[in-house]
Structures are given as structure tokens and as C-alpha cells.
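These protein sequence lines map, in sequence, to chains A and B. Residue 1 is where the first sequence starts when you use this note's numbering, and the numbers rise one by one after that. Residue 1001 is where the second sequence starts when you use this note's numbering, and the numbers rise one by one after that. Take a look at the structure set out below.
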Amino acid sequence: MTSSLKKERSMTSSMTTTENVNQGPCLLSSDFALLRQSPVFSGIHHDVVKLFAYLSAHRSIKAGDYVIEHGKKANQAFILVKGAVEITVHHRQREIVLQQLKPGAVFGELALLAKFNWFFSARAASDAEVIIIDQTAFQKVIEKFPEQKDKLIERVIQIRINRLESQTTFMLDQLLSTGEKPTEAIL
Amino acid sequence: MIGGIGKTSMRLTERPLFYWVVKRYRGFQFILLLIILVSLFFKVYPLEMQRQIINVAINLKMLDKLYLYCGLYMGAVLIGGLLKYLTNTMQAILGEKILIDMRQEMYQHMLQLPLPFFHRTQTGNIISSVTAELNAISSFLGSALSVPIAAVLTFITFLAFMIFLNPTLGLISMVIYPLEMVVIPLLQRWYNTYNRKRVLTNRRITSLVNESVTGIHEVQGNAGYLLEYNKLTRLIKRLYEITVRLSVIKYGIKFSNNLFQSIGPFLLFLVGGYFAIKGEFTIGALVAFLSAYEKVYDPWKEVIEYYQTYQDARVRYKQIMELLDHTPDFLLEAPGKIAGPLSGTIEADNVNYNISASIRLVSDVSFQLEHGRHLALVGYSGSGKSTLSMLISQLLKASSGSLKIGGHDINTLSKLEVAFNIGSVSQHPFIFTGTVRDNLLYSCNTLYLNGLADKLPERQEIIEIVKEVGLAEDIIRWGLRSIIQPQRAAPMISSFMHMRKIIQKKLKEEFPGAIEFYNADLFQYYLPIAKNIIFGSYSGAFSSRKLIKNKEFRTFLRDIGLEDSLTKLGFEIAEATIEFLGDFKNDAFFFQGSPMNPESFQDYERLTTAARKRSLEKLKAPERDRFLLLALGFIPGIHKITTISTELEQAILSARRTFLHQVAGVDLDQCRNGTIQLEIKPFQEKQVSASPRFTPFCINQYLNAHSLGENILFGTVIDRDLIRDRLGSIASEEFEQQGLLDDIMDIGLDFHVGSKGDNLSGGQKQKIALARALLKKSPILVLDEATASLDNTSQSRIQRYIDTRLKGSTTVISVIHRLDMISGYDHIIVMKDGTIAESGTYNDLLAQKGTLYDLINDNH
């Protein structure tokens, strides 16, 4: 108990000084601000968020390029900063769009928790920019802040549930709009 | 070359230690002995002079005699010393010469030993026996003959001199020697026992370390540190106990020697003094006698030391020979026969292979294969197919039955004949440390070296085979990764520069954000500050540490007013890193966002505190330099720990312009527009002797210190994954168009594969091994699951090559696991429990619905 408290305090004190040192438009602080707004980190201690901001990287994607490719090894999660990204699946040789994401959206979050191959693709619908959080970084951070582990995992699962809900709704809407009877199509 | 003294020489492992000494360099040893004999005279002569000085010169007060005798004394001592020096050197040379022979012959012998020997014996044992243990023997070998002979002669000479001076006294002084002759060998025998144990324990330590290094994956994977540590600790403790006992005995021997040595003078003074007082003996004679007695002890000591090293060498030698005491199964060169091309017919008649009386891996295998036909060996694992293939390639020797290659019994064929006629590839081929080319030509080099091939394959031939096995892309990629020697690159530079432009254009379109191209007018976020300033590279290894010591650079930095702001930046970085990573300083992972390396964290912690207490300006110059170093290594695009201000960026950019213009003498307009500038001021790093050349990052400048890939990219890769595959394919296309593909592959062939091929993937190793065997163009090819670790496309490509290009010309025996690959084979043998279960063509066997049919259906 005491040791974790001590750690917390020392981290807080370090944060304030760091912010004093870096005045002006600092990448670290702007990423910190972006991450804090993201649903993954809502309610997570700001020291942890700060560490993620420090360990994350930026990547810009040209419209039409893939951020995530179906079948490849999953080891990064993404937060969309700019532009739009489409989540697609390949089905019977066709690529079907499941959802379009707007800035602030998180995708590929399951890669933080488990090893698997991507079961969907993500494609930039316009020129886009993402923040990347690496699986190793995530594991390293929760190793250092075990008390935040459960909360972080819970957030990831909540995001997953929301995604599932909205994608299902989207598909059902599509189904209905094509005029088929939904029950038959699903069965 | 092999077996230095001809075919009649004694079997290596049966040779006694002295065999190596007596049979070799006799002329050299004879001269050595002569020199020793001559030096004997110069050992006794000074003693006689001593007597003369006292008895004649001093006694009769003759100064001229004193000078003469002293001069003669000194001269003799000097010549004696020089001769001793000469003999010592000659002995060492002799020892090394013999050692070379010994090592060569033992290594040859070892390489030819049958495979089971290597499975049984731990690698560490073999290594230490042909290296360290042999070294210890060499010091003995050089002195093996000369020392005992010289010592005995010296001993006799001194003894004779003493008896000449006074027979009674001479004989008395000899009394102690027989005593020693009893005591010392006793102690020595005791010593030998422990020495033998020491050698064994040392070997066990070597093989233990060797084992854990070889199996480091397993050790680290299981965190088996403690386990390995305990194993070693046990051995070290044992070694300690043995060594302590050895020392006790060793110094015991020394003690008894010293004791005996002081008994001598005691007797001499007692008896000699008595005679001198009685007037039967002159003082001069007594002095000479004492000197002689002291001197007589030297050869005696030498004999004892010799005896000890002999015993030590004998123990080691015996153990090495015991280890290697096996006979090679096959001769390297068959006497009276010339290895030539055989036909590719293979006949097996009741072939058996047992590893012990009860365990039989191959039993009663018979088949016939005509030249140019292809045979597939299939079956469950452990069915003996690999063993059979190894019997055919003579890696193992059949226990009974007959196996004929081209009509010759395989047991009568020498290793060279087999190597010439059979190419074999194993499932886990071995790749030697060296270049790809060295590895590809391993088989061909052997044949060439032994006179079985007139020439080595041409470059074109190598590249063709490399393409056939599907290694072309890898080789091009290795070519891209190579830093090409300036002379080699020179004729191709203009093409490279052309490619640089094309590739830049293509990549800019395809992946705008993935590369930061070098641009003299822009701040480079993915280059460290140091490179942002000098905007170029050296032909040596670049480091900020070297740069910071360069006086010219420092003066420049100070003049332009950047030193202070950079030192301040360094201090900010240190402060931020220490505060941000203080809790994680033990985990290097978290240092990815800072130019500081984890090892120097504590240093910087101390420096930062000092800088805060006093001020940054008040620190000593070397301490300030540490901060400057940090700033020079700072890469703004990667190190998120801090961000630099636009003003500083601009200051650095303007510093770059000044540096290029004033210090390096680069014309910036030319640099931008791409005219090649040949004259660049030699801004050099003073510490490096081989004056490295500075090359600026100008669009038409070839960067000698950079790899080919970096040269044609001309920028920093930000997203490595995105670029890696694409660059390879664009580059090959362009190389092809420029007609440079073969040249680039030639460069790629010189790629260093790392220790045992560590830089290669399993598939690459396998392809190299296949190409190596194919390049030999032997009439028979034995493949033991040679494509097993390749992906499907590569497997089918190689299978297609075998089916189309080798049919009819090369006999192929292939152990195959993948049953969809066997339809192209002429004949199929299905093995089960070491015997042939089925044999026939693919279609016949399928129609039979026997074992093969079952196997295929199991697989699906």
C-alpha cells in the first residue's frame, strides 16, 4: 500500500516539473491532451496517460492506404487524430464497410490485450493521422502500474462492446434498407 | 598436405608423445644440441677463472692477471648467456613448429571421424583438447630432447670439474642426489593423479559453458540461470579443491628441493673448511667449488622441472588421444585411384544400419535406381528414411549389406570421390561464418582445392542458381544493406544517383509520410541534432562523442553561438528524462523517448543536481560537454521527452549553412541542384588516423559511409515496415532497367551471414544449402527434407526445378514429408520401421491403396 502511494506522489511531483520545463507547443503535452479525451483513458490516472503519451507515436496515412490489414499480426492499437478511417471486412471476395470512424475514435484496441491476427481491415477514407500505442508499451505500463490494470482492461472491453453494438446496428440498418427480411438473413 | 610424413606413418592416436619430437626437424634439433654442447664450455670456464683470480691474481698480487682473468670471466659469462638466449628461443620455435604439425594432423583426423563420435562427445571437450590442452603441451615439446640432454651433460661437466678440484669433496656433494631421486618421483606421481583430475574438470567446465552458450535460447526461455549457475558452481568448487591440493604438492616438491639444496653447502663448508684449514685445499678452489656446486644445482633443477612438465604433458596428451581414438570410416583419398565422375546408378542390397545390437534403424533395404531417375523416400517420422539417405551420401556407414554408387561399393570409395559425385542437403543445413558467396561455394571450393575441379563457378552461374532456388530477392536486399567499397561503387555511382531520383519520386507519391528525405533547406526531424548541423557523414563510424572532441567543430559551434543553447537543451533533456523516468530507470524500454542511455542515468542525475546547485555555466568543461553530447544525440521526431523551439530549429539550420559553406567548403546551390562537387574541404576527425572523408547530404553525392539502400533512399525511414518490402521491389525493377541487377546481386553475395548464419532466416539457410549442392553439378543429389522449412511457393518452385531441369541428368534421392510434392518422382519408396513397406510409381502405389494411400489421406 505505502509503496504504491509513494510512487504516486513522486510521479505527480515529476509531472508538474516536466510541464514547467516544456513550455510552448510540446508534442508530449498535445498528445497527452489527445489521449486524455480518448474513451480508453477516461478515469485513468493522468500519470499513466502521460506515460502512454510519451510511448506513443504518430503516423500519417494517405487516403486509401490500410492502417490495419486483415490476416496480419496484431500488435498495435490506434487513436484517430485527423481524417476518417473505415473499418472493413472481407467476405466472399468482397470488401464490406462496417463502420466509418471520426477523429477521437479508438480502433484495434484488442491488440493491447491479446495476440491474434487481424480479423478486419482499417482503411483511411481521407488523408488521416493516428496515434499508435504499441502492445509492448501497454504491457510495460500496466506492469509498472498494476493498480490501474483492471480499469484499463475494462475500458478496452467497453470500447469493444460499443463497437460491436454500433457495427451490428449499422449492418442491420443496411440489411433492412436492402429490403430483405432481417431474421432470414441473420439465420 | 594431409598427414605430414606420408602414408606409412603410425596411426595418429597410437603415437607416443616423443614420436612427434624424434621424427621431426632433426637438422634443427641437431644444431640446437651442438649449440648446447658449445655453451657447456662457457659454463665451466668462468668457474676456472674464479679459481685463477683468487689463487693466482689476488694471491700473488698481479694486477695485469686480475684484469685478464676478470675480462675472460666476463666474456665467457656473456657468451654463455647469449647462447642460453639462443637455445631458449630455438626451443620455443621448435615447440611451436611441432605444435603446428600436431594440431593440423589432429584437426584433420578429428574432422574425418564418423558422425556418431560427434553425437557422443561434447563439443566443449573436443574444442579444449585441440586448443588449450595442446598449447600446454607445446612448451614441453620444444625442450623435449634438448633439455634433458643438455642438463645431464652440464651436470656431468660440473661434477667432473668438482672431482678434478677435489675428488673426496666432489663425491660428498653428490650424496644428496640419489635421495632426491627417490623422493621427488613419489611426490610427482601424486601430483599427476590430481593433475589428471584437473584436466578432466577443466574439460567439463568448458563443455558446460559451451553447452549453455549453444542452448542459450533454452536457458533464457526457461530462465534457467540458477540451474546453470549451480552446475558451474559445483564444478568450480571441485576445481578449486583439486587446484589447492595440486599447489600443496607442487610447493611440497619445491620445499624438498630447497631443503636438499641447502644441505649441500652445509656439507661443503664443513668438509671443505676442514680441508682448507688443514691446508689440503686452496681458498680459490673452495670458492670455485662452491660456485660449481651452486651451478650444478641448475641442471638438476632443470631436470626436475622438465620431469614435471613432461608428466603434465604426458597426462594431457594421453587424455587427448584417448578422446580422439577412433578410426575414420572412410579414407579421404583412396590410394592409387583418381576420383572421377561416376554414373548416377545406385544399387542397395540388403542394407542394414544398427546403432547397437538391438536397435536397428534400417533393415534389409534393397532397391535399384538408374542414372538420372528420381526417387522419393516417404514414410512416418522415425521410419529410417533420413538414415537411409545418410547411408547413401556416406555420412554413415552401413552395418551390413552392400550399397553401390555407379557400380562401386560405397565402402571402397574415398570421401573425395563421394564429395565429387554426391551433393547432399540436410534438413537443418549448416551455414559457416563468412559471406553468402563463401557458403555457396563451399562444395566447389573443396573440389577445386583438391584438384577435382579446374575452376570455380562464374558469377553468372552462381546468380542463375541463386535465382532458381528463389534466393534472388534476398540477395538483392542484402546488396541494398551493404556498404559498398568506394572503388567498387565508383563505376555505378551515376546509375545510383539516377535511381535515387526515380525512387524518391515513387516513394514520395506512395508513402509521403514514411520517409524524411534529406533536404539541405529543411530541418530534419528524424536526424540527430549533430547530423542536422554537419548534414553529412564520414567514411568512418560516426559518433557524436568523436565529433565533440573535434577542435574545428567545437570552435565553429562556439563562434556561431550554438554551444551554449545546445548545452542548455542537453540540460533540459537530462532534467526531463530524470524526472520523467526516475521510477523506470531500470527498464531500458522506457528510454526510447530520450537520447539518454539507461547506463548513464545516474551520471546525469548527479550532473543535473550539480548544475542546479551551482549554475550550468559554472560546471567544468567536461561536465558541460556531457549535456552537449545529449543534445547532439537528440532526435526531435523520435525523442518525445522534449520539443525544441522553432527558434532553435532555425538557429541549427543557419549553423548548417555556415558549416557546409565555411567549414566543409560545400557550395549550397550545387548541393541543392545536384551538380556533383568533387572538391570538398577535408574536414576530418582528428582522432581517426585513416583520415575519413566528409560527404555532405547533397542530392548528387554518393555517401560512402552509407549502405546502398540508404544511398538510393537518401533520407531517414520513419515507418520501416511500410518501406521495407516496397523498397526491395522498386529497387529490383530499377536495377533491372539500369542493367545493374547482376552487379547488385554480386554485392549481395558478399553479405556477411553472421556467426553460423545468425543473420539468416531458416528458409534462407536452406536455400543457400540447396544452391551450394546444385552448384556442384554432381551426378547424384541427396535431399533430406531439404525444402521442409520453406514456404509453399518456394517449395513448389524448387520442386519444379528438380522435376524439369534435373530429370534424366541427375539422380535424385529425396526424403520428403510433403506428399503433394512427390507426384513428379519416377519411383517412390515408402518406409516403415526401417524397412521398405511399399515401392513403385506414384500411380501404382495410389492404385494399390496401401500405405502411401493411407499416408496421403491421413495428411488431408
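Every residue, glycine too, gets a C-beta built ideally from N, C-alpha and C. Here the structure is a predicted model, which means the values were calculated and not measured.
For the options 35(A), 155(A), 65(A), the alpha carbon positioned closest to that of residue 132(A) is the one of 35(A).
Taking a contact as a CB-CB distance under 8 Å, the pair residue 1369(B) and residue 1811(B) counts as one, their CB atoms being some 6 Å apart.
For the stretch 25 to 37 of chain A, the beta-carbon criterion of a distance under 8 Å to any beta-carbon of chain B is satisfied by 25, 26, 27, 28, 31.
With a threshold of 16 other beta carbon atoms within 10 Å, residue 1374(B) meets it and is buried.
The DSSP assignment places complete beta strand (DSSP E) segments of no fewer than 3 residues inside the stretch 1289 to 1358 of chain B at 1346 to 1354, in order along the chain. Residue burial annotation: residue 1026(B) is exposed, with fewer than 16 other C-beta atoms found within 10 angstroms of its C-beta. For residue 27(A) against residue 1640(B), the beta-carbon gap comes to about 6 Å, under 8 Å, which counts as contact. A distance of 8 Å or more separates the beta carbons of residue 1206(B) and residue 1239(B). Ranked by Cα distance from residue 1149(B), the options 1554(B), 1208(B), 1033(B), 1412(B) are led by 1033(B). Nearest to residue 1492(B) by alpha-carbon distance, out of 1035(B), 1789(B), 1030(B), 1747(B), is 1747(B). With 16 or more other Cβ atoms from the protein chains shown falling within 10 Å of its own Cβ, residue 1410(B) counts as buried.
For residue 1578(B), DSSP records no beta bridge to any residue. Rounded to whole angstroms, the separation of the alpha carbons of residue 1143(B) and residue 1072(B) is 30 Å. Counted as a single uninterrupted DSSP element, the stretch harbouring residue 1413(B) is not any beta strand (DSSP E), since DSSP gives it neither H nor E. Counting only Cβ-Cβ distances below 7 Å, residue 60(A) has contacts in chain B at 1513, in chain order. When 1390(B), 1159(B), 1087(B), 1632(B) are compared, the shortest CA-CA separation from residue 1418(B) is found for 1390(B). In the DSSP annotation of this structure, the continuous segment of the alpha helix (DSSP H) that includes residue 1238(B) starts and ends at 1225 to 1278.
If you check the CB distance, residue 1155(B) and residue 1296(B) come in under 8 Å.
The stretch 1526 to 1539 of chain B and the stretch 1575 to 1582 of chain B do not touch, with fewer than 3 CB-CB distances between them shorter than 8 Å. Residues of chain A whose Cβ lies closer than 8 Å to the Cβ of residue 1501(B) do not exist; the shortest such Cβ separation is about 21 Å. Under DSSP, residue 59(A) shares a beta bridge with 130(A). Nearest to residue 1422(B) by alpha-carbon distance, out of 1475(B), 1346(B), 1472(B), 1429(B), is 1346(B). Residue contact with chain A for residue 1742(B): absent (no Cβ-Cβ distance below 8 Å to any residue of chain A). Among the residues facing chain A, residue 1716(B) is not included, as its CB has no counterpart in that chain under 8 Å away.
Under the Cβ criterion (8 Å, minimum of three pairs), the stretch 1503 to 1512 of chain B does not count as touching the stretch 1738 to 1756 of chain B. Closest option to residue 1031(B), judged by alpha-carbon separation, among 1088(B), 1062(B), 1049(B), 1173(B): 1088(B).
Interface flag for residue 1609(B) against chain A is unset, since no Cβ pair is found closer than 8 Å. Contact between the stretch 1377 to 1389 of chain B and the stretch 1317 to 1329 of chain B is not established, with fewer than three Cβ pairs separated by less than 8 Å. A straight line joining the alpha-carbon of residue 1393(B) with that of residue 1424(B) spans about 7 Å.
Listed along chain A is no residue with a C-beta nearer than 8 Å to that of residue 1758(B); the closest approach is about 23 Å.
Around the beta carbon of residue 1214(B), a 10 Å sphere encloses fewer than 16 other beta carbons of the protein chains shown; the residue is thus reported as exposed.
Here DSSP, grouped into helix, strand and coil, assigns residue 1062(B) to coil. Counting only runs that start and end inside the stretch 37 to 113 of chain A, the beta strand (DSSP E) elements of at least 3 residues fall at 57 to 61, 66 to 68, 76 to 82, 85 to 91, 94 to 101.
Taking 8 Å as the cut-off, the beta carbon of residue 56(A) is found closer than this to the beta carbon of residue 31(A). Residue 1049(B) and residue 1160(B) have their C-alpha atoms some 16 Å from each other.
Not flagged as an interface residue toward chain B: residue 80(A), since no C-beta distance is shorter than 8 Å.
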